Each structure stands twice: as structure tokens, then as C-alpha cells.
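Chains as they are written, first to last, in the numbering used here: chain A, 1 to 114; chain B, 1 to 111.
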Amino acid sequence: DSGVTQTPKHLITATGQRVTLRCSPRSGDLSVYWYQQSLDQGLQFLIQYYNGEERAKGNILERFSAQQFPDLHSELNLSSLELGDSALYFCASSPGTGGTNIQYFGAGTRLSVL
Amino acid sequence: GQQVMQIPQYQHVQEGEDFTTYCNSSTTLSNIQWYKQRPGGHPVFLIQLVKSGEVKKQKRLTFQFGEAKKNSSLHITATQTTDVGTYFCAEKNTGGFKTIFGAGTRLFVKA
């Protein structure tokens, strides 16, 4: 168990809808990262937050947004969903923000857009 | 922009054979990390390399960081079925900020 909790584990929704994915980082970790993994694909970095502030941005669509709350949990909001958004979404956390920080991944949320 | 090339994309081996995956970057790296993702699982940190020419071992796994800090390799000696999964390198270039994951090498081991 990595200590990172993601909810829900599975999400099935329809095109055009909006969903929210939640992540609770490991105790003490200040950084949260979001990744998208399509079927048998690599990890696409979406966004990173550090202590409530956005720190780095990857190829995140404008339809997607995220935030990190004062209690350090994070939410990833996906709106106007399309079939191609179906994927596994991982959250990871690390103590700090530097490149030597080890990332601890949650079990992921599997999103199916029908 | 920063790019990470990881090869091969797939590798099928017979149990007992060796396996190597390579990670190459066009820029100098501050460090490189390796992660393993079992089928149906999530990525799990294996090791981090920081120094030029660094070599680290974990049982049957040997990790190397190139002298120029632009490439890295993971070598598994005598693969076992428990080695099945996807191996990712993750790197952060010098002066950069984001950690970028390679596309991964998926290892299949036939018993």
C-alpha cells in the first residue's frame, strides 16, 4: 500500500458529462501529481501541485482542471467528456517538489466514457 | 521540448533469459528514476540514479546511468515470471522542473 488514496476506483459516465476524481496524498507529502494512462500506453503527465499551488503543467486539456486544497488532498475535474478521455488516471504524491523526490502512486481511477 | 526515448516498446523472453531496457534523452539529466508497473497495478518506484556513471544493483536487477547523464539502462539477469510488467524510466532534465516518464518497456516472460 503506497499510502496514496484515490476515489472512486471506477467511474462510468456518458459523453458530455463532468466528473471529479479525488486524491489523498501520503501523510506529510506536499506534492501531488496527476497522470493519464490510456490502454497499454505510457504515463502522460497532466499537472502538479505543491502545497496548494500549481507547480508544473503538462499536456492537460482545457476541459480538465485540478486543484489542491488546504488539507492537501487534490481533485481532478474532467468536463465535456469525450470517448477518448477513457483512461486510467493516476495520482502520485511526493514529499517535496524537486526532481529527486520519489513519487508514490495511488491505485488509480479507471474512467470509462460511453 | 524535453523528450524521453525508451526502447524497446515490448520484449518477449523465455524464463531464465536476460532482459534490458534503455532510456535515452536529448538533454542532460539531473537524475533518473525507474518504476515498475505490474499488469493491472500502479507504478512502483524501483531506484534512483544521480551520479554520472552510477551503477546500482537490486538482486537480479542492474541499473546504470551514462557517463554523460543522457542515458540509462535496466538489466534483469535470468528473468522470472514475477518480472512481468512495464518498466518506466522517469527523468528530470538539468534546470527543468517537470518529471517526464518514458513510454515504458513491457516485459513478457514465458515459463
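For glycine and all other residues, C-beta sits at the position ideal for the given N, C-alpha and C.
Values in this document were obtained by computation on a predicted structure and should not be read as measured data.
- Message: Please tell me whether HIS12/B has its Cβ less than 9 Å away from any Cβ of chain A.
- Response: Judged by the 9 Å Cβ criterion, HIS12/B is not in contact with chain A.
- Between LEU88/A and THR109/A, is the Cβ-Cβ spacing less than 9 Å? At the C-beta level, LEU88/A and THR109/A come within 9 Å of one another.
- Using CA coordinates, which residue listed in VAL19/A, ASP71/A, GLY42/A and ASP40/A is at the minimum distance from GLY52/A? Measuring from the Cα of GLY52/A, the nearest candidate turns out to be ASP71/A.
- Between which two residues does the beta strand (DSSP E) carrying THR81/B extend? Segment: none, THR81/B is in no beta strand (DSSP E) and carries neither H nor E.
- Query: Using a Cβ-Cβ distance under 9 Å, would VAL55/B count as near chain E?
  - Reply: You won't find chain E in this structure, because its protein chains are A and B.
- Item | Local Cβ density within 10 Å of ILE7/B, reported as buried at 16 or more and exposed below that | By the 16-neighbour rule on beta-carbons within 10 angstroms, ILE7/B is exposed.
- From the beta carbon of SER74/A, is the nearest beta carbon of chain B less than 9 Å away? Not closer than 9 Å to any Cβ of chain B, the Cβ of SER74/A fails to qualify, so no.
- Round the Cβ separation of GLN41/A and PHE90/A to the nearest angstrom and send it over; I've been treating them as touching at under 8 Å. Wrong, their Cβ atoms sit about 12 Å apart, outside the cutoff.
- Give a yes or no on whether the minimum CB-CB distance between ASP85/A and chain B is below 9 Å. Chain B, which has no Cβ nearer than 9 Å to the Cβ of ASP85/A, makes this no.
- Item | Beta-ladder partner(s) of SER72/B, from DSSP | As DSSP reads the structure, SER72/B sits in a beta bridge with CYS23/B and PHE65/B.
- Item | Per-residue burial, ILE149/B [other beta carbons within 10 Å of its own, 16 or more giving buried] | Residue coverage of chain B in this structure runs from 1 to 111, which leaves residue 149/B outside it and unanswerable.
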